[in-house]
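Student: In the working numbering, the protein residues as written are 259 to 482.
In this text, a Cβ means the ideal position worked out from N, Cα and C, and glycines have one as well.
Mind looking over this structure? Questions follow.
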Amino acid sequence: MPPDTTCGPVSSLDDFRQLCNSRFPPTLPVVELSAYPTAPLGAAPPVADITFCPRCATRLTERQHGGALRLACPACAFIHFDDPKVAVAVVTGRDGRVLLARRNHDPGMGLWTFPSGFVDRGEALEAAAQRETREEVGVEVSIDRLLAVRSGPGHPVILGAFAGSILRGEPSPGDEATDVGFFAPQHLPELAFPHDRDLIDAWLAGPGAPPAILTAAPPQFPAQ
Ligand SMILES: [Zn+2]
């Protein structure tokens, strides 16, 4: 029988915490916070920057669980799994020219890249790719094939990049871009991300080419 993971209804946070504590007494050893490995300088932090249990608001500590040190709640059964984010991008174009949008936000503000964004939970990758293209450059696309997947040690994002064909609409910048345009591959503007050129090359290689497997470098974060 699966464990009861409900904690409500209750009328106050203290009641809520008390109820959770009574239902989920800590049974796993708690280790000191300092046991976490230190992140390499400039790399992604090894754990999410959360402090309190999202279920019962107790301060999280650390436990060995499933072969890794994880943030966990000493008062209830909650364990935080620092899952990756999943993102998609679409390389599309017209007459051999690639459609790019100029970003109005960091990272890469002022530089050019493809329509891209995070996948919602429960959303198919292809549907997310179509949605992001609609939102960011204002065109409807079909998703034709997978161009590349990109992930890397210490990198929090897994990217799937697709080739798309424009079905209808004229490109126009959405909320996250200042401009959009078609560019010949030999006359590209400054691109925002390290693998953007690889994705264009995969697109130009045509349907017969297998998807590329790209390794992302750990992202750089400002010094804390
Ligand atoms: Zn909790």
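#1: Beta-carbon distances below 5 Å to any heavy atom of ligand 1 define the shell here; list its residues in chain order, please.
#2: Let's see if you can read the secondary structure: which residues bound the alpha helix (DSSP H) around Thr350?
#3: Between Arg321 and Ala330, is the Cβ-Cβ spacing less than 8 Å?
#4: Can you name the start and end residues of the beta strand (DSSP E) that Ile401 belongs to?
#5: Of all the options Pro411, Leu449 and Asp378, which has the alpha carbon lying nearest to the alpha carbon of Gly366?
#6: Contact defined as beta carbons within less than 8 Å: I believe Leu405 pairs with Pro469. What is the distance between those atoms, to the nearest angstrom?
#7: Locate the beta strand (DSSP E) running through Asp437, then write down its first and last residues.
#8: Could you check if Ser430 is buried or exposed, using at least 16 other CB atoms within 10 Å of its CB as the buried criterion?
#9: With 16 other CB atoms within 10 Å as the buried threshold, where does Ile458 fall?
#10: What ranges does the beta strand (DSSP E) occupy inside the region 315-394, keeping only unbroken runs of at least 3 residues that lie completely in it?
#11: Report buried or exposed for Glu398, applying the criterion of at least 16 other Cβ atoms within 10 angstroms of its Cβ.
#12: What would DSSP say about Ile458, mapped onto helix, strand or coil?
#13: So, for Ala345: in the same chain, excluding its five sequence neighbours on each side, which residues have a beta-carbon less than 8 Å away from its beta-carbon?
#14: Considering only the alpha carbon of each residue, which of Val356, Thr309 and Asp340 lies closest to Val347?
#15: Would you tell me roughly how many angstroms separate the C-alpha atoms of Arg392 and Ala386, rounded to the nearest one?
#16: For the beta strand (DSSP E) holding Phe420, just list the boundary residues, first then last.
Tutor: Taking the geometry as given:
#1: Every residue passing the under-5 Å Cβ criterion appears here: Cys311, Arg313, Cys314, Thr316, Cys331, Ala333, Cys334 and Phe336.
#2: Element bounds for Thr350: n/a, residue is neither H nor E.
#3: yes
#4: Glu398 to Ser409
#5: Leu449
#6: 6 Å
#7: Membership of Asp437 in the beta strand (DSSP E) is indicated by the continuous run Ala435 to Phe441.
#8: exposed
#9: buried
#10: 319-323, 326-330, 343-349, 355-361 and 374-376
#11: Exposed is the call here.
#12: helix
#13: Ser374, Gly375, Phe376, Val377, Val415, Ile416, Leu417 and Gly418
#14: A small fix is needed here, since residue 347 is Ala in this sequence, not Val. The candidate whose alpha carbon is nearest that of Ala347 is Val356.
#15: The straight-line gap from Cα to Cα measures roughly 10 Å.
#16: Val415 to Arg426
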